[in-house]
Amino acid sequence: METIDGYDHQRLPEIEGTLLWGEQNLQEPQVNYLEGWSLTNESFDSPKNQQRMRLLATMSLTFSNGYFSYVLGISGDNHQHAYEVWQGHSEEHAQGVVHAHLKDPIWYSFYDAPLGRPVGGDETKGVLYENREGLFIREFTNGWAVYNRSGKEQQIEFSETVSGVASGVEDQRSHTLPDLDGEIYLKSKSGLETAPTVDVNGDGVVNIQDLVIVANALGAAEPDLNDDGVVNIQDLVIVANAF
């Protein structure tokens, strides 16, 4: 699902509803994908772009089991940049090289957080924190994802000490989350669960043999790499991406 722009209090519920509809109505193999577009008038790693990325990433985490990407969103083959997209890119413009950045994905370290797998089923999607309007939370094996469009800064109290991935606040039970922002809160290292390995046959390398094992198990209960209850195309994609 492309969203392009308009990530405000009025439009965000519409995007949430579309995500939930996809979770409830798309048939197998189900691929529910949310795509956010960056602010093109400033660097993709600017504070505003990183906040927008977190907002949409945690929306995806709290409302779906799907995929998320944050793209440059710079349209047109002939365009100008407000910043250097990558080192030396301005030289390509000077040489007249025709190209586009509309769908160029951006990788943020936020994505590397070892959040684990969702705890529970569909009933955990789109759940309010303490019935506070616009504040959503979802538990994962290694922590929680929290998404805030409530219109104000929120204080979240956890049952154990956790650390904010973006905020850098470590080992606290109480955390503050600004409006139109999101955060991943990780349990202490002793509480982290190791995710199932994509090296399905345990031979020390991920290759076609692992892919074949998963393909032959389609519809079965194991090896269920994303813990959604069944071996399906999503598990195949996980193995293929680990080649």
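For reference, each letter of the sequence shown is one residue, going 318 to 560 in this note's numbering.
Note that the Cβ used here is the ideal one computed from N, Cα and C, for glycine as well.
These numbers come from a predicted model, not from an experiment.
- Item | CA nearest to the CA of Leu343, picked from Phe361, Leu356, Met318 | For the residues Phe361, Leu356, Met318, the minimum Cα distance to Leu343 belongs to Met318.
- Distance, Ser467 Cα to Glu359 Cα: Distance between the alpha carbons of Glu359 and Ser467: 26 Å.
- Note the first and the last residue of the continuous beta strand (DSSP E) segment covering Ile473. Here the beta strand (DSSP E) through Ile473 covers 471-481.
- Assuming Met376 contacts Gly499 under a Cβ cut-off of 8 Å, what Cβ separation, rounded to an integer in Å, is found between them? Their Cβ separation, rounded to whole angstroms, is 7 Å, which keeps Met376 and Gly499 in contact under 8 Å.
- Message: On a Cα-Cα basis, can you pick out the residue from Gly334, Val388, Ile530 that is closest to Asp322?
- Response: Ranking the options by Cα distance to Asp322, first place goes to Val388.
- Message: Once the 5 residues before and after Ser407 are set aside, which same chain residues still bring their CB inside 8 Å of it?
- Response: These residues qualify, in order along the chain: His398, Glu401.
- If you pair each beta-carbon of the stretch 417-434 with each one of the stretch 452-464, do three or more pairs fall below 8 Å? Yes: at least three Cβ pairs fall under 8 Å.
- Query: Do you know how far the Cα of Gly353 is from the Cα of His326?
  - Reply: In this structure, the alpha-carbon of His326 lies about 16 Å from that of Gly353.
- Task: Please confirm whether Leu494 and Gln471 have their CB atoms less than 7 Å apart.
- Result: At a Cβ-Cβ threshold of 7 Å, Leu494 and Gln471 count as neighbours.
- Item | Where Ile501 sits in the DSSP three-state scheme | Of the three classes helix, strand and coil, the one that applies to Ile501 here is strand, per DSSP.
- Item | Validate contact between the stretch 518-532 and the stretch 479-495 using beta carbons, cut 8 Å, 3 pairs | No: the two stretches stay apart, fewer than three of their Cβ pairs being nearer than 8 Å.
- Query: Out of curiosity, what's the CA-to-CA distance linking Leu356 and Val529?
  - Reply: Leu356 and Val529: Cα-Cα distance of roughly 42 Å.
- Which value, in whole angstroms, describes the spacing of the CA atoms of Ser363 and Met370? Those two C-alpha atoms are separated by around 11 Å.
- Query: What's the gap between the Cα of Asp421 and the Cα of Thr441?
  - Reply: Between the alpha carbons of Asp421 and Thr441 lies a distance of about 31 Å.
- CB-CB under 8 Å to Asn543, same chain, minus the five flanking residues each way: which ones, in chain order? Asn382, Arg434, Gln551, Asp552, Ile555, listed in sequence order.
- Query: Beta carbon of Glu345, beta carbon of Asn549: below 7 Å?
  - Reply: Yes, the Cβ-Cβ distance between Glu345 and Asn549 is below 7 Å.
- Task: Could you tell me which uninterrupted beta strand (DSSP E) segments, each at least 3 residues in length, are contained entirely in the stretch 347-374, listed from first to last along the chain?
- Result: Counting whole runs of 3 or more residues, the stretch 347-374 contains the beta strand (DSSP E) stretches 350-354.
- Quick one: residues in its chain with C-beta nearer than 7 Å to the C-beta of Asp541, no 5 flanking neighbours on either side, listed in chain order? For Asp541, same chain residues with a beta-carbon under 7 Å away, outside a window of 5 residues either side, are Val547, Val548, Asp552 in chain order.
- Item | Pairwise C-alpha distance: Ser491 and Leu337 | Taking the straight line joining both Cα atoms gives about 29 Å.
- Message: Between which two residues does the alpha helix (DSSP H) holding Trp338 run?
- Response: Taken as a continuous stretch (DSSP letters only), the alpha helix (DSSP H) holding Trp338 covers 329-342.
- Beta-bridge partners of Ala430, as assigned by DSSP: DSSP, once it has assigned bridges, lists no residue as partnering Ala430.
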